[in-house]
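Colleague:
Residue numbers (my numbering): -10 to 303.
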């Protein structure tokens, strides 16, 4: 695969990234400036769609918890309609406030002044714009767009917030790993393989509970997912769509399933080699997640702890 061409400043940027952030000098208070809508690459949401960074009302959007208008397919089936987490927050205020401070909400977000502690402001000074930041509480990684503004790539470094140190990753092949192909589906909500666009950054309400037009249908098949009302298997399959890493879509070859709607049958399209659980090199957290998913979703155990026994979605 040919190397991706980046803007000229990328050479300066990468040289700076591998140095301690304290060597960049002044300007740490400056944050990266967002590009105009016309300059954004495919990962960015279409004009008018929401992101997790602000809570606001969208013109034409039904508010106050009303059921949003829906469209139908040629077969007369209702198309999923995503409204964004702010829509859900109109009625579920406490859950929204807890969620927007969670790690789910910050799996992908635009740069902000708080990133100045690490690198975002320094990258701006180096002459190259960081489009998005992954993570924030413990570790951060940074996305840049290619020169044609068509794809995003993770820079080959990670900033550890707790230790204030850098780690390099994928130094040899990072330019061959487009974020849209390898990562975006599990860092955004309502990601489209066809358009490479999404509804909002981060794991929003509808990523785990289902699209807003299912609201009120939680007691019917295919309705909105309410975790206090679904089986342990249904619950862990929602989590597994992103947390069961190491498998592959049978239809698309991507490292995540093609159908990312909450409540979808994960294993209809996603293949995972359960023999890989014997791999001693994987982290304890990864192994814990996979063992839990297998026990409930594959082996059918009813005595195993489900994800929400210990963890909160919000």
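Glycine included, each C-beta is placed from N, C-alpha and C at the ideal position.
How many Å lie between residue 99 and residue 148 at the Cα?
Modeller: Cα-Cα distance, rounded: 16 Å.
Colleague: Tell me residue 155's beta-bridge partners as DSSP assigns them.
Modeller: In DSSP, residue 155 forms a bridge with 148.
Colleague: Expressed to the nearest angstrom, what Euclidean distance is found between the alpha-carbon atoms of residue 221 and residue 119?
Modeller: When rounded, the distance between both Cα atoms is 40 Å.
Colleague: With distances taken between CB atoms, is the gap from residue 265 to residue 235 smaller than 7 Å?
Modeller: Yes, they are a contact pair.
Colleague: Could you tell me the alpha carbon to alpha carbon distance between residue 253 and residue 227, rounded to whole angstroms?
Modeller: Spanning the two alpha carbons is a distance of roughly 8 Å.
Colleague: Where residue 284 and residue 290 are concerned, what is the direct C-alpha to C-alpha distance, given to the nearest angstrom?
Modeller: Cα to Cα, residue 284 sits roughly 6 Å from residue 290.
Colleague: As a quick exercise: from 179, 93, 256, 159, pick the residue whose alpha carbon is nearest that of residue 68.
Modeller: Of the candidates 179, 93, 256, 159, the one whose C-alpha sits nearest the C-alpha of residue 68 is 179.
Colleague: Determine the direct distance from the alpha carbon of residue 89 to that of residue 164, and round the result to whole angstroms.
Modeller: So the alpha carbons of these two residues sit roughly 31 Å apart.
Colleague: With 16 as the cutoff for other CB atoms within 10 Å, does residue 296 come out buried or exposed?
Modeller: Burial call: buried.
Colleague: Could you give the DSSP three-state label for residue 291: helix, strand or coil?
Modeller: The answer is coil: DSSP assigns residue 291 none of H, G, I, E or B.
Colleague: Can you tell me which of 274, 125, 223, 160 puts its alpha carbon nearest to the alpha carbon of residue 153?
Modeller: Out of 274, 125, 223, 160, 125 has the C-alpha closest to the C-alpha of residue 153.
Colleague: Using beta-carbon positions only, say whether residue 278 and residue 232 come within less than 7 Å of one another.
Modeller: For residue 278 and residue 232, yes; Cβs fall inside 7 Å.
Colleague: Based on DSSP bridge pairs, tell me the residues matched to residue 143.
Modeller: BP columns for residue 143 point to 132.
Colleague: Residue 91 and residue 194: beta carbons closer than 7 Å?
Modeller: No. Outside cutoff.
Colleague: Report the rounded CA-to-CA distance for residue 212 versus residue 250, giving the unit in angstroms.
Modeller: Whole-angstrom Cα-Cα distance: 11 Å.
Colleague: Once you ignore the five residues that flank residue 127 on each side, which residues in its own chain have a CB closer than 8 Å to its CB?
Modeller: Correct list, in chain order: 149, 150, 151.
Colleague: Compute the Euclidean distance between the alpha carbons of residue 174 and residue 139, then round it to the nearest angstrom.
Modeller: In a straight line, the C-alpha of residue 174 is about 16 Å away from that of residue 139.
Colleague: Put residue 58 into one of helix, strand or coil per three-state DSSP.
Modeller: With a pLDDT of only 46 at residue 58, under 50, the local geometry of the prediction cannot be trusted, and the value read off the model is given with reservation. If DSSP states are grouped into helix, strand and coil, residue 58 belongs with coil.
Colleague: Go ahead and pull the three-state DSSP assignment for residue 277.
Modeller: Residue 277: helix per DSSP, three-state reduction.
Colleague: Please report how far the alpha carbon of residue 145 lies from the alpha carbon of residue 230, in whole angstroms.
Modeller: If I take the Cα positions, the gap works out to 26 Å.
Colleague: Which two residues bound the contiguous alpha helix (DSSP H) that contains residue 219?
Modeller: Premise fails: residue 219 is in no alpha helix (DSSP H) and is neither H nor E.
Colleague: For the beta strand (DSSP E) containing residue 124, name the first residue and the last one.
Modeller: First-last of the beta strand (DSSP E) with residue 124: 121 to 124.
Colleague: I need the DSSP call for residue 198, collapsed to helix, strand or coil.
Modeller: Three-state result, residue 198: helix.
Colleague: What would DSSP say about residue 189, mapped onto helix, strand or coil?
Modeller: Note: residue 189 maps to strand in three-state DSSP.
Colleague: According to DSSP, simplified to helix, strand and coil, what is residue 64?
Modeller: Note that residue 64 scores 49 on pLDDT, short of 50, meaning its location in the model is unreliable and no value can be drawn from it.
Colleague: Provide the residue(s) that pair with residue 167 in DSSP beta bridges, ordered along the chain.
Modeller: According to DSSP, residue 167 bridges with 142.
Colleague: Report buried or exposed for residue 97, applying the criterion of at least 16 other Cβ atoms within 10 angstroms of its Cβ.
Modeller: Its Cβ being crowded by 16 or more others within 10 Å, residue 97 is buried.
Colleague: At the level of alpha carbons, what is the spacing between residue 155 and residue 130?
Modeller: Between residue 155 and residue 130, the C-alpha separation is close to 10 Å.
Colleague: Taking the Cβ atom as the reference point for each residue, do residue 83 and residue 191 lie within a distance shorter than 7 Å?
Modeller: Their beta carbons are not under 7 Å apart, which means residue 83 does not touch residue 191 by this criterion.
Colleague: Residues in its own chain within less than 8 Å of residue 262 by CB, not counting five upstream and five downstream?
Modeller: Once the five neighbours on either side are set aside, the close Cβ partners of residue 262 are 235, 236.
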